[in-house]
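Quick note, the sequences are listed as chains A and B, same order. Taking my numbering, I'd label the letters of the first sequence as residues 1 to 110. Taking my numbering, I'd label the letters of the second sequence as residues 1001 to 1111.
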Amino acid sequence: EDQVTQSPEALRLQEGESSSLNCSYTVSGLRGLFWYRQDPGKGPEFLFTLYSAGEEKEKERLKATLTKKESFLHITAPKPEDSATYLCAVHRPDGYALNFGKGTSLLVTP
Amino acid sequence: DVKVTQSSRYLVKRTGEKVFLECVQDMDHENMFWYRQDPGLGLRLIYFSYDVKMKEKGDIPEGYSVSREKKERFSLILESASTNQTSMYLCASRDREETQYFGPGTRLLVL
Chain A
1 EDQVTQSPEA
11 LRLQEGESSS
21 LNCSYTVSGL
31 RGLFWYRQDP
41 GKGPEFLFTL
51 YSAGEEKEKE
61 RLKATLTKKE
71 SFLHITAPKP
81 EDSATYLCAV
91 HRPDGYALNF
101 GKGTSLLVTP
Chain B
1001 DVKVTQSSRY
1011 LVKRTGEKVF
1021 LECVQDMDHE
1031 NMFWYRQDPG
1041 LGLRLIYFSY
1051 DVKMKEKGDI
1061 PEGYSVSREK
1071 KERFSLILES
1081 ASTNQTSMYL
1091 CASRDREETQ
1101 YFGPGTRLLV
1111 L
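Rendered as structure tokens:
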């Protein structure tokens, strides 16, 4: 069964303290791994899509990487405004909808 | 910019009421989706539509139905609302690169 597992569930960082979030997946034939950011009470906001092992994408303090079994979201020198829940997802077998992990709740304190 | 809008941000309904949640996208996307999000359970797929008048069940369709009469609009219907349908409801549409864009969500409370 296709699965997406994120760790840790929650992460607390000091401002400027870099770290990584993990997304492990099992899927037959990856068609894309998606990262989203979700602020409390709002809909998820798209960040990145990664398609093949070795691929990397960056946006401001965020960098996403992909291997054959997992993806990492690296946060470099985070700021309090980076506090959010980060979700990763892969395609369901139907090829349309996404299977989401349960997310990592990130809190960055000043 | 892709824009997905949902008819209400917050909604309070009584048990047994019929509830309509509306979602509109302005990017001519063919595929649209309804998820619900609950603490500890994450996002779960209720229904999706890959074209006008076409629909497919997701993982938790029981108690819900959908309507897609026009390409830009995808409606979720709770036939007879129950307290276990209290949740955050998220609509999304998908572009040709297969990226899903979400609306702001509707937080539904069923009393």
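We put the beta carbon where it would ideally sit given N, CA and C, even for glycine.
Chain B within 9 angstroms of residue i, Cβ atoms only
i: Phe72 (chain A); result: no
i: Lys59 (chain A); result: no
i: Glu45 (chain A); result: yes
i: Gly29 (chain A); result: no
i: Asp82 (chain A); result: no
i: Arg12 (chain A); result: no
i: Tyr86 (chain A); result: no
Own chain residues within Cβ distance below 6 angstroms of residue i, not counting five before or after
i: Gly1105 (chain B); result: Met1088, Leu1090
i: Tyr1010 (chain B); result: Arg1107
i: Lys57 (chain A); result: Phe48, Ala64
Contacts around residue i, its chain only, beta-carbon distance under 8 angstroms, and the 5 residues preceding and following it disregarded
i: Phe1102 (chain B); result: Val1004, Leu1090, Cys1091, Ala1092
i: Arg1094 (chain B); result: His1029, Glu1030, Asn1031, Met1032, Phe1033, Gln1100, Tyr1101
i: Leu1043 (chain B); result: Tyr1035, Arg1036, Gln1037, Leu1090
Where residue i falls, given that 16 or more other Cβ within 10 Å makes a residue buried
i: Asn99 (chain A); result: buried
i: Thr5 (chain A); result: exposed
i: Ser1080 (chain B); result: exposed
i: Arg12 (chain A); result: exposed
i: Pro8 (chain A); result: exposed
i: Val1012 (chain B); result: exposed
i: Arg1096 (chain B); result: exposed
Chain-order list of residues whose beta-carbon lies under 7 angstroms from that of residue i (same chain, five-residue window excluded)
i: Lys68 (chain A); result: Ala53
i: Ser83 (chain A); result: Leu106, Leu107, Val108
Proximity test, Cβ basis, 9 angstroms: residue i and chain A
i: Arg1107 (chain B); result: yes
i: Gln1025 (chain B); result: no
i: Tyr1064 (chain B); result: no
i: Arg1112 (chain B); result: The question about residue 1112 (chain B) has no answer here: the residues shown for chain B are numbered 1001 through 1111.
- contact_flag[the region 1001-1015 of chain B, the region 1056-1063 of chain B] where n(CB pairs < 8 angstroms) is 3 or more: The answer is no - the region 1056-1063 of chain B does not touch the region 1001-1015 of chain B, with fewer than three Cβ pairs under 8 angstroms.
- Given 8 angstroms, three or more beta-carbon pairs between the region 1016-1034 of chain B and the region 28-48 of chain A: Segments in contact, no.
- Query: What are the uninterrupted segments assigned as alpha helix (DSSP H) that are 4 or more residues long and contained completely in the region 1069-1094 of chain B, given in chain order?
  - Reply: You should have found no qualifying run.
- Complete runs of the beta strand (DSSP E) confined to the region 12-53 of chain A [at least 3 residues]: Correct list: 19-26, 33-38, 45-50.
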